[in-house]
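To start, the structure under review is shown below, and the notes come after it.
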Amino acid sequence: MKVSLNWLKEFVDVPVQPQRLKADLTAIGLNVESFQTVGDDVVFEVEVTTNRPDCLNHYGIAREVATLYRRRLKTLEFVCKEVAAPASAEASIEILNPELCARYCGRVIQGVEVKPSPDWLVRRLEAVGQRAINNVADITNYVLMELGHPLHAFDLVRLSGRKILVRLARAGEQLRTLDGVSRTLTAKDLVIADAVRPVALAGVMGGEDSEISADTHTVLLESAWFDPASIRRTSKSQGLHTEASHRFERGADIEMAPVALDRAALLISQLAGGEILRGVLDVYPFPKHRNFIELHRNEIQRLLGAEVLWEEVERVLRTLGFKVERRGTEGWRVTPPSFRLDVEREVDLIEEVARHYGYNRFPARVRPAPPRISEDRVRSKELEISSTLVALGYREIIPSAMVDPEENSWFTDRPPVVLANPLSRDASAMRSSAVPSMVHTLKWNLDRDRNDLRLFEMGRIYSAQPKGLPDERRVLVLGATGNRWSATVHSSERAIDFFDLKGDLEQLFSRFDLPALKFEPSDACYLEEGLTGRFVAGGSTVATLGLLREGLADTYKLRRRKIWLAEVDLEFLLRAPLRQRSFKPISKFPAVERDFSLILPVSTPYGRLEEAIRGLGIEEIQALTPVEWRRSEDLQGIIPAGHVSLLLRITFQSATRTLASDEVDASCRRIMESLGPLGVRIRASA
45 MKVSLNWLKE FVDVPVQPQR LKADLTAIGL NVESFQTVGD DVVFEVEVTT NRPDCLNHYG
105 IAREVATLYR RRLKTLEFVC KEVAAPASAE ASIEILNPEL CARYCGRVIQ GVEVKPSPDW
165 LVRRLEAVGQ RAINNVADIT NYVLMELGHP LHAFDLVRLS GRKILVRLAR AGEQLRTLDG
225 VSRTLTAKDL VIADAVRPVA LAGVMGGEDS EISADTHTVL LESAWFDPAS IRRTSKSQGL
285 HTEASHRFER GADIEMAPVA LDRAALLISQ LAGGEILRGV LDVYPFPKHR NFIELHRNEI
345 QRLLGAEVLW EEVERVLRTL GFKVERRGTE GWRVTPPSFR LDVEREVDLI EEVARHYGYN
405 RFPARVRPAP PRISEDRVRS KELEISSTLV ALGYREIIPS AMVDPEENSW FTDRPPVVLA
465 NPLSRDASAM RSSAVPSMVH TLKWNLDRDR NDLRLFEMGR IYSAQPKGLP DERRVLVLGA
525 TGNRWSATVH SSERAIDFFD LKGDLEQLFS RFDLPALKFE PSDACYLEEG LTGRFVAGGS
585 TVATLGLLRE GLADTYKLRR RKIWLAEVDL EFLLRAPLRQ RSFKPISKFP AVERDFSLIL
645 PVSTPYGRLE EAIRGLGIEE IQALTPVEWR RSEDLQGIIP AGHVSLLLRI TFQSATRTLA
705 SDEVDASCRR IMESLGPLGV RIRASA
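Below, the structure written as structure tokens:
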């Protein structure tokens, strides 16, 4: 926000040079980015945080300056010279939605002459970045920048029934705003209407049908308070951000409404002529009151580490507008002013004292010992996942969670969370699958000739629910394409395949103490049939992996590429403890290998065999290695149709003794007996 030094001096004496003022305002939380000389004035660029709407005006900044330099702040007193005719005879105001408009004030001014503003007003507005329009409109903007409360002026003659209704719009109603845009309203938009139609978008912008023009002679001046959430929703849905909405969204001062109204009415009578009709049309059905906060002296000392004098505490708070009542020797009862919506707790009051007392006045102390910080176990697991995947050759990506809902549906049947005001169709929903983000990232890199890729993302997905908030889950996605390694003089290049991706997942899972995982075929809709699988634990899918389906690859113009994808339930991993690494000595005794040439039905997955063998609990089995696999078409007449031949190598070894042949033979017989129910029979053994 631009702040004029000359304007500030109308409210408070500023005893320092601009450079010092810049540093001092920044020290109390009003960051001054820069200042420049404009004629005989100095204009500061002040960054006001969203919780301090009271400083989005010159009077609010002057209040901070008065407290900072112990100067007197000018009291706001505006006395309007009224005529005998009552304003209530010329206009009426009704609030139909008091929960969205808590207060609406109006004044009627007759005999106004609309003309260009005087030079001093134009210069002052231009110094703070405002464009001059006409004297009436410029005065409303002037008061906005001076006192921080948005105003609007209506041509009263152009209001049907000379009536103001504050209500919600009817779906489909039209309003042409002052920027010349015809807007279609929704049932959630708060409007100012006359007896027939909407004439302004409440708290955002007025309408052309009732704007001030050269023919205007009777003005209805509006000063109101609107609900911040309602104004923010309308501003976003209509794509319209104004100085007025900027302040209402953050929380305007409801008690400033009649004060700003009188200030504007007084200026209009001085600069545009006319007569101010008697009385303010003030509709305030449910007056708001601030509750007091107990402030304890010992709590100030505990939090700040130093004792602040009673008088200093009271001076700071009173100059900032707080009502302070001393309560014995223990502290104070403090009531925040209506413009300080950010002050709700005792610690907020202590912060106000600290800001103006001066942070540099508190002693610097070295703590006797570092604070105890508990380990963030979830973060430790995330780091373990990242480091494991990086060691396997993957790089982390952080893509946007916004997707096209239609594209999202290609990968999952979970409904995404559709945005109310999307920036574009391609980013109009919060994804319910992270796979499309990975595919886009792979394509983006491939289009730039980065061909050998292994990427991963630890992100979130969002699923819309019939009732309540969306379901939010964390997922891990892997994407790979190109070669596992490139060709060299020592070896040929080798493309990434299904087993590379599966092996990488198994390597990752080995870092966690997980229940037994089963690997089985998957029916994921976006993966190629026959080249997809999933890891399952307790009936729930832990990870799904496979090759991107050919039709989808064509859609993304990746037909010549093999895109390998994996989606992991990250929350499942993060719930599991990390596996404790322990030293296991290598056996001093010889190992014995036995090869089994097996015939089994093609429908029997290898995992079932390994599960059956491991289930025997033979401690001496150290490794199961599938050595060779052949189909019946390759061995016609040797194995029956619908079967495959598998050469399985089993390694036996004991940590305490040398195994005898009889022991190994007995274990082999048990193994074959366990495989019988699976339709497996032996072809030969060695």
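For the sequence shown, this note's numbering gives the first residue as 45, with consecutive numbering after it. Just so it is clear, CB atoms sit at the ideal spot from N, CA and C, and this is done for glycine as well. A quick note: this is a predicted structure, and the numbers were derived from the prediction, not measured.
If you draw a straight line from the Cα of S382 to the Cα of R334, it comes to about 7 Å.
Under the DSSP assignment, W488 falls outside any beta strand (DSSP E), being part of the alpha helix (DSSP H) whose first and last residues are V479 to L490. The alpha helix (DSSP H) runs lying completely inside the stretch 155 to 214 and spanning 4 residues or more are 163 to 171 and 179 to 191, given in chain order.
With contacts defined as CB atoms closer than 7 Å, E358 and V368 qualify as a contacting pair. Around the beta carbon of N179, 16 or more other beta carbons lie within 10 angstroms, which makes this residue buried.
As DSSP reads the structure, D85 sits in a beta bridge with V82. Per the coordinates, the alpha-carbon of P162 lies some 32 Å from the alpha-carbon of L69.
When C-alpha distances from R241 are compared across E564, G216 and P449, the shortest belongs to G216. Short of 7 Å from the beta carbon of E615, and not among the five residues preceding or following it, lie these beta carbons of its own chain, in chain order: R517 and R518. Looking at the DSSP output, V378 sits in a beta bridge with I337 and V368. Counted as a single uninterrupted DSSP element, the alpha helix (DSSP H) harbouring R423 occupies residues R421 to A435. Shown here, W529 sits in a strand according to DSSP, grouped into three states. Excluding the 5 residues flanking it on each side, A301 has same chain C-beta neighbours closer than 7 Å at R147, C149, H193, S267, A268 and W269, in chain order. In the DSSP assignment, the residues bridged to D515 are S507. Under DSSP, L234 shares a beta bridge with L212. Among the bridge pairs identified by DSSP, Y148 is matched with A268 and V327.
Each of Y113, V87, D85 and Y103 was checked against the Cα of I72, and the nearest Cα belongs to Y113. Rounded to the nearest angstrom, the Cβ distance from L245 to T278 is 6 Å, consistent with a contact under 8 Å.
Nearest to I505 by alpha-carbon distance, out of P443, E537 and E390, is P443. Remark: C-beta atoms of G323 and A131 approach each other more closely than 7 Å.
Looking at the DSSP output, V580 shares a beta bridge with K562 and T585.
Taking 7 Å as the cut-off, the Cβ atoms of A239 and K280 do not count as close. Note: F500 is bridge-paired with E440 and L522 in the DSSP secondary-structure output.
In this structure, L229 is the residue among L436, R220 and L229 with its C-alpha nearest to the C-alpha of R211. Taking P559 as the centre and dropping the five residues before and after it, the same chain places the C-beta of A581 and G582 closer than 7 Å to its C-beta, in chain order. By the 16-neighbour rule on beta-carbons within 10 angstroms, G318 is buried. Pairing V724 with L642 gives a Cβ-Cβ distance under 7 Å. A straight line joining the alpha-carbon of D306 with that of S254 spans about 21 Å. Secondary structure note for K46: its beta strand (DSSP E) is the uninterrupted segment K46 to S48. Here the alpha carbon of P645 sits roughly 15 Å from the alpha carbon of D678.
Within the same chain, L552 and R555 come within 6 Å of T432 by CB-CB distance, once the 5 residues on both sides are set aside. Between V109 and M45, the gap from beta carbon to beta carbon reaches 7 Å or more. Under DSSP, L219 forms a beta bridge with R227. For A610, the uninterrupted beta strand (DSSP E) segment begins and ends at W608 to D613. With contacts defined by Cβ atoms closer than 7 Å, L222 and S274 do not form a contacting pair. Between V378 and L348 the beta-carbon gap is near 16 Å, outside 8 Å, which marks them as no contact.
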